[in-house]
Amino acid sequence: MKKVLALLAMVVGLGACGGEQTTYINIGTGGTAGTYYPLGGAFAEIWNSNIKGVNATAESTGASVANVNMLEKGDIDVAIIQNDVASYAENGVELFEKKIENIRGMATLYSEPIQCITTDDSINSIEDLRGKKVAIGAIGSGVYCNAVQILETAGIGEKDYKPQYLSFAEAATGLRDKQIDAAFLVAGVPTSAIVDLATQRDVKVVNIDEDLANKLKEKYSYYTDYKIKGGTYSTQKEDAQTLTVQSMLVVSSKLSEDMVYNMLKSMYANSDRIKAAHKVGEFIKEDTGLEGMSIKLHPGAEKYFSEKGIK
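Structure, rendered in structure tokens:
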């Protein structure tokens, strides 16, 4: 009997050894009212369906900067972040006291225009934000970095306005309830939280004038010009001139070359699922996957884009 049990145990053990190993991939996104969260859900679904042995899960986080810190700690394996924040992280500047050694580029995704949103008729320029309650994103977020850079370059220091450290959803609620005067958002357009707000309030996108835009582009090389067309939000009648950064996928250097290669291959092969997740999905294309890449590529991404002849 003992011999039979021992033989059965050996067989079970051999079966377990021969079983398929599961690779768990945690994806850091952003707030549930933003753009990163639905995209992260689409990426997880694609990778689970197309890469054998993968169990990917998207989770809501504090967005770009929080994602970098989680990536460094190993709490997540993949993240959607802004390309400017990726550069800060790799070089250990701005919000990062040290270089983040394990961050690698996977692909750039789409433009993320900086949107200064207001429902106040008296606010028509960045200068008009003096003395106002302005949501500038959660401390440690990419939005926070961009908002502070814009305001300071315009000569508006922290004492010149009333900063509110709010998420996308909180800022939209604050605008709706007239608890704040304006809010900075950095997200693909249209942004769902603002689409919803425009059904209740007259929403306006504040222009960043040419002089201020030129100063910012000279100081921060990752900014480029962007026009948010009139009608993007139901109550926005005119075009608004602003600046944009790029969103991108970053991965841990610990992920294998084959895994990252297959993640890219399946992602681009299932573009319809990404488009269904959010309107910005139409801008996520293989041939623009390296535009605005601000950090060192993961070897799996190098292999994929090299095979496609994309530089």
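Numbering-wise, the sequence shown is residues -18 to -1, 1 to 293 according to mature numbering (1 follows the signal peptide of the UniProt record, and there is no 0).
A virtual CB, placed ideally from N, CA and C, is assigned to each residue, including glycine.
Thinking C-beta only, is residue j closer than 7 Å to residue i?
i      : j      : result
PHE287 : TYR92  : no
ALA259 : LEU53  : no
LEU205 : LYS199 : Position check: residue 205 holds Tyr in this sequence, whereas Leu was assumed. Yes.
THR224 : ILE96  : yes
GLY87  : ILE256 : no
SER174 : ILE62  : no
GLY13  : GLN64  : no
VAL227 : GLU94  : yes
THR39  : ALA26  : yes
GLU70  : GLU79  : The question names Glu, but residue 70 in the sequence shown is Tyr. Contact: no.
VAL50  : ILE28  : no
ALA169 : GLY16  : yes
In whole angstroms, what is the alpha-carbon distance linking residue i and residue j?
i      : j      : result
GLU273 : ALA45  : 21 Å
GLN182 : THR270 : 36 Å
VAL171 : GLN161 : 24 Å
LEU151 : GLN3   : Just to set this straight, residue 151 is Ala in the shown sequence, not Leu. Distance between the alpha carbons of ALA151 and GLN3 is about 39 Å.
THR100 : THR5   : 44 Å
VAL262 : ALA153 : 21 Å
ASN8   : ASP57  : 7 Å
GLU192 : ILE138 : 17 Å
SER203 : ILE292 : 22 Å
ASP66  : THR43  : 18 Å
LYS219 : ASN84  : 45 Å
VAL47  : ASP207 : 23 Å
GLN131 : GLY35  : 43 Å
ASP102 : LEU167 : 16 Å
ASN106 : LYS55  : 42 Å
TYR19  : LYS141 : 33 Å
PRO98  : ILE190 : Pro is not the amino acid found at residue 98; the sequence shown has Cys there. Going from the Cα of CYS98 to the Cα of ILE190 covers about 9 Å.
Leaving out five residues before and five after residue i in sequence, what residues of the same chain have Cβ atoms less than 8 Å from its Cβ?
i       : result
TYR147  : ALA117, ILE118, GLY119, ALA120, ILE121 and TYR126
TYR143  : LEU111, ARG112, GLY113, LYS114, LYS115, VAL116 and LEU133
LYS285  : GLU239 and TYR243
LYS209  : ASP221, ALA222, GLN223 and THR224
HIS280  : ARG86, GLY87, MET88, VAL233, SER235, LEU237, GLU239 and VAL242
VAL177  : TYR215 and SER216
LEU(-5) : Note that LEU(-5) scores a pLDDT of 43, beneath 50, so its modelled location is shaky; the value from the coordinates is reported in the next line. Nothing listed; no residue qualifies.
Mark residue i as exposed unless 16 or more other C-beta atoms lie within 10 angstroms of its C-beta, in which case mark it buried.
i      : result
VAL188 : buried
ALA251 : exposed
ASP163 : buried
GLY74  : exposed
ASN128 : buried
ASN37  : exposed
ASP59  : buried
ASP254 : exposed
MET275 : buried
GLU72  : buried
Can you list, in chain order, the residues of its chain whose CB lies under 7 Å from that of residue i, leaving out five sequence neighbours each side?
i      : result
LEU194 : ILE108, THR135 and ALA136
ASN244 : ILE33
LYS290 : GLU268
LEU179 : ALA154, LEU157, ARG158 and VAL185
ALA283 : GLY87, MET88, ALA89, VAL242 and LEU246
SER104 : ASP110
LYS201 : THR135
SER248 : ILE28, TRP29, ASN32 and ILE33
SER149 : GLY13 and ALA120
PRO145 : VAL116 and ILE118
Output needed for residue i: all residues of its chain with C-beta closer than 6 Å, excluding positions within five of it in sequence on either side, in chain order.
i     : result
GLY23 : ALA40
Say whether chain C places a C-beta atom closer than 7 Å to the C-beta of residue i.
i      : result
SER107 : Given the protein chain composition of this structure (a single chain), no chain C is represented.
Touching or not, the region 211 to 219 and the region 230 to 246, by the rule of three or more beta carbon pairs under 8 Å?
no
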